Every structure is written in C-alpha cells, then in structure tokens.
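Chains as they are written, first to last, in the working numbering: chain A, 10 to 263; chain B, 462 to 612.
Quick notes on the structure that follows.
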Ligand code: SF4
Ligand code: SF4
C-alpha cells in the first residue's frame, strides 16, 4: 500500500520511453512558456528598466560578496520559508504547496526515469511521492477554498473561476487525479484506472502547457523580486523609508 | 492623487480591497494582483497605501498638475506608532518624514454587526445607532423640548 511504484499501472497504457519523453516535453513546455511570458508580457523589459533605475538611484556600490550574501539571505528567508508573505495562513499554505509539489515532482522524475515499469522500486520513493502529493493538495485546497483573495476579500463564491485560477485548478486536478489513479489501480478497477489515468494526463498537460496564460511563472518571478528588493535596501535605491524598528510586516497582518 | 499597484510587489493578499472605503481596489482576474478600478473615484485617503503589507501601492499625481515620475511610498510601523513617508521627486530629490499614528488602534473598531440591533422605536429617535456608546460619551446633548404653544 502506497509503497509500490504508482506509475506501474500506467505502463499498461504507455511504454516507459513514452513516459520519459512526455516528462522531457513538459519540462520544455515550462521553459518555453516562461520565456514567452517574459518577452511577450514585457516582464524582461520591466526588470531591465527597473535595474537601470535602481543603478541610477544607488547610493552605494555593492560588490560581489555583498550580492552573494543578499542572494543567500533571499534563498534562506524569502524562497525557503516564503518570508515575503505577511499573512501566516497564506505562508503556510504556500510552504505546503511548494515543498509538496517539489517532492512530488522529484519523486515522479526518479520513478519514471530510474525505475520505469520496475517492480523492485524502493518503497521510500512511492511513499515520498504520496506525501508530496498530499502536502500539495492540503495546501492547495486550503488556498483554493479559504485563502483566495477574490473569495475572501472581494466576496466572490469559491466556484467562480477566473483566468488567475488556471494554475491552481490544473495543479489540484492533476495531483488529485494522480492519487485517484493510484487508488483505482490498487482497488483493481480497470475502468476507473483508465478514466483517472486519462484525466491525470489531461490536467498535467494543461498545467505545464498553459504557463504563458497561467500563474505558473510566478514561482520564478517572486524570488527575483525578493532579491531585487533586498538589493535596493542595501544600495540605498529603495523607494521605501527604511524601517526603524526592523518591522516589515505590520503586526495586525500576521 | 489616485493610487496604483506595483504588480511585482503585490502578493494579492487583499488587505487593500478590504480597507478601501470607495470599494475601488479590486483583484485583477488575470494576475490576481490588486488594482485601482476607478482612479477618478479615489478619495485619496491613502488607507490602502498604509495598509499594504508589501508596500506595493504608490500614489500618482494627476497629469494636469503633477508631472509623472515621482513616487510616494509609505511604511507603517505599528509597534512604533508611526507612519513614515518617502517622496522621491522626478529630479532625484528625496523627502522623508514621519508622522505619529493618531487613529484608533488597528482592529479596535467594532463592526456594526457587533452591536445589538436597535429596536424599531429607535427610528423615531434623533440619535444614530450605537450612540452615545460608540462616541464614548454618557449622553448626547439634546435641544430642550419646545412647548407646542411657542411654535
Ligand atoms: S487611497 Fe483610499 S479611496 Fe483611494 S484606492 Fe486607496 S483606500 Fe481606496
Ligand atoms: S494590500 Fe498590497 S499586497 Fe495586498 S493585495 Fe493590496 S496591493 Fe497587493
């Protein structure tokens, strides 16, 4: 139970080589989609322009060591623990979703590339795969039903979907159907297994191919902005008054 | 001077949506970031500017009297009880100043739903709902009742 390779039943529909090719294609789709988003939405231009503005307004020159220290701080605080969020619930839900998804993704890659159609998969891999999926779903459904800003603050019902929901909906659907597929295969129901496998592939493809239209790329942009913000604080080009008490998030928002 | 949001700074938390008295800070359905849907109707109260925990909201002058290119950024330090402003002009000059927070503490104002519903007779009263309690006084001064014959 939950210790066998969940992709074994999938090998009845497609060969391991096809599965591996599919993973490579999806990785390419994310790279191309993000590049398209950077150029088409002129985000790249924006980042360059902002860099120029910052350079002109800088009061100090930062050396390589300073930049490395800022990068380390950004990684340790803003990326690893989502320190940019002031709202604790949003922060925890994002931690769950992010680490869950990364764990799920890495174990998926390991299972498909190292142990395709292999019944001797080490039990820890499928266990971690299930754990990652559950963490993603826990954080994701919590965010979807209780934390989405248009639901909480704009007063819209949770079932009203807009384009900004494309990412979270495809992510939740993809991971949910992955688990359902695993359960259906375990229960030995071929019809349900086939159906869940189809929906799993459908939503997974939608998740990775829709990058230019979804919020997928915000995973990459947010760390860049957090880094930029720290650099601005350090070189004196920041537009913000510097906190005297070191307080960034107002206590009433945490 | 109405407000606008830096999309890269905003994380879509909705604090500005909640606080805007004109209900014009809304959430963009594509990026799930806030934006001012009706700059013309902005009261320029700057509640959203001060409330935004990401300091993602800036203030824009109307083009007819304030040339664009400046920035007005705010930092609310609740524990210190201060609001600091930093204005960067287009020519590079920077002005910074700090004001004490003079309003009631954040979250301390009771919403109307926390008060008992007034009874129907209150409709005939000259007092508004929750008065005089909400004003923090024992009673409101009233005009002396006029004698009918005097009218
Ligand atoms: S300044 Fe005041 S009225 Fe204008 S958008 Fe912000 S909260 Fe609303
Ligand atoms: S309060 Fe700030 S971070 Fe939150 S939605 Fe508004 S602009 Fe974005």
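We put the CB at the ideal spot given by N, CA and C, even for glycine.
Given the structure is predicted, the values throughout are model-derived calculations rather than measurements.
What is the DSSP secondary structure of residue i, reduced to helix, strand or coil?
i: residue 548 of chain B; result: strand
i: residue 516 of chain B; result: coil
i: residue 487 of chain B; result: strand
i: residue 563 of chain B; result: coil
i: residue 533 of chain B; result: strand
i: residue 465 of chain B; result: strand
i: residue 495 of chain B; result: strand
i: residue 104 of chain A; result: helix
i: residue 558 of chain B; result: strand
i: residue 543 of chain B; result: strand
i: residue 538 of chain B; result: strand
i: residue 576 of chain B; result: coil
i: residue 588 of chain B; result: coil
i: residue 117 of chain A; result: helix
i: residue 607 of chain B; result: coil
i: residue 478 of chain B; result: helix
i: residue 177 of chain A; result: helix
i: residue 49 of chain A; result: helix
i: residue 24 of chain A; result: coil
i: residue 151 of chain A; result: helix
i: residue 138 of chain A; result: helix
i: residue 191 of chain A; result: helix
i: residue 70 of chain A; result: coil
Is it right to say residue i is buried, meaning 16 or more other beta carbons lie within 10 angstroms of its own, or is it exposed?
i: residue 234 of chain A; result: buried
i: residue 138 of chain A; result: buried
i: residue 134 of chain A; result: buried
i: residue 575 of chain B; result: exposed
i: residue 202 of chain A; result: buried
i: residue 588 of chain B; result: exposed
i: residue 514 of chain B; result: buried
i: residue 157 of chain A; result: buried
i: residue 482 of chain B; result: exposed
i: residue 181 of chain A; result: buried
i: residue 60 of chain A; result: exposed
i: residue 250 of chain A; result: buried
i: residue 24 of chain A; result: exposed
i: residue 130 of chain A; result: buried
i: residue 187 of chain A; result: buried
i: residue 12 of chain A; result: exposed
i: residue 21 of chain A; result: exposed
i: residue 64 of chain A; result: exposed
i: residue 552 of chain B; result: exposed
i: residue 544 of chain B; result: buried
i: residue 536 of chain B; result: buried
Taking the alpha-carbon positions, what's the residue i to residue j distance?
i: residue 200 of chain A; j: residue 502 of chain B; result: 57 Å
i: residue 466 of chain B; j: residue 558 of chain B; result: 22 Å
i: residue 48 of chain A; j: residue 498 of chain B; result: 26 Å
i: residue 565 of chain B; j: residue 594 of chain B; result: 16 Å
i: residue 606 of chain B; j: residue 573 of chain B; result: 30 Å
i: residue 568 of chain B; j: residue 561 of chain B; result: 17 Å
i: residue 487 of chain B; j: residue 229 of chain A; result: 25 Å
i: residue 73 of chain A; j: residue 53 of chain A; result: 23 Å
i: residue 83 of chain A; j: residue 599 of chain B; result: 54 Å
i: residue 108 of chain A; j: residue 172 of chain A; result: 24 Å
i: residue 237 of chain A; j: residue 597 of chain B; result: 47 Å
i: residue 518 of chain B; j: residue 507 of chain B; result: 9 Å
i: residue 511 of chain B; j: residue 81 of chain A; result: 30 Å
i: residue 581 of chain B; j: residue 550 of chain B; result: 55 Å
i: residue 174 of chain A; j: residue 164 of chain A; result: 16 Å
i: residue 254 of chain A; j: residue 241 of chain A; result: 18 Å
i: residue 421 of chain B; j: residue 29 of chain A; result: Residue coverage of chain B in this structure runs from 462 to 612, which leaves residue 421 of chain B outside it and unanswerable.
i: residue 479 of chain B; j: residue 472 of chain B; result: 15 Å
i: residue 541 of chain B; j: residue 214 of chain A; result: 50 Å
i: residue 166 of chain A; j: residue 239 of chain A; result: 37 Å
i: residue 191 of chain A; j: residue 18 of chain A; result: 8 Å
i: residue 159 of chain A; j: residue 475 of chain B; result: 8 Å
i: residue 207 of chain A; j: residue 87 of chain A; result: 37 Å
i: residue 243 of chain A; j: residue 78 of chain A; result: 11 Å
Please work out which residues of its chain come closer than 7 Å, Cβ to Cβ, to residue i, disregarding the five sequence neighbours upstream and downstream, and give them in chain order.
i: residue 91 of chain A; result: 100, 103 and 104
i: residue 539 of chain B; result: 567
i: residue 184 of chain A; result: 113, 142, 145 and 146
i: residue 505 of chain B; result: 462 and 463
i: residue 149 of chain A; result: 106, 177, 180 and 181
i: residue 534 of chain B; result: 516, 519 and 547
i: residue 485 of chain B; result: 497, 498, 499, 502 and 503
Sorted by chain position, which residues of the same chain lie with C-beta nearer than 8 Å to residue i's C-beta, five sequence neighbours on each side aside?
i: residue 32 of chain A; result: 117, 118, 121 and 122
i: residue 39 of chain A; result: 217, 220 and 225
i: residue 263 of chain A; result: 95, 96 and 97
Just to confirm my understanding: we take residue i, look at its own chain, exclude 5 residues before and 5 after, and list those with CB closer than 6 Å. What are they?
i: residue 189 of chain A; result: 205
i: residue 197 of chain A; result: none
i: residue 68 of chain A; result: 245
i: residue 178 of chain A; result: none
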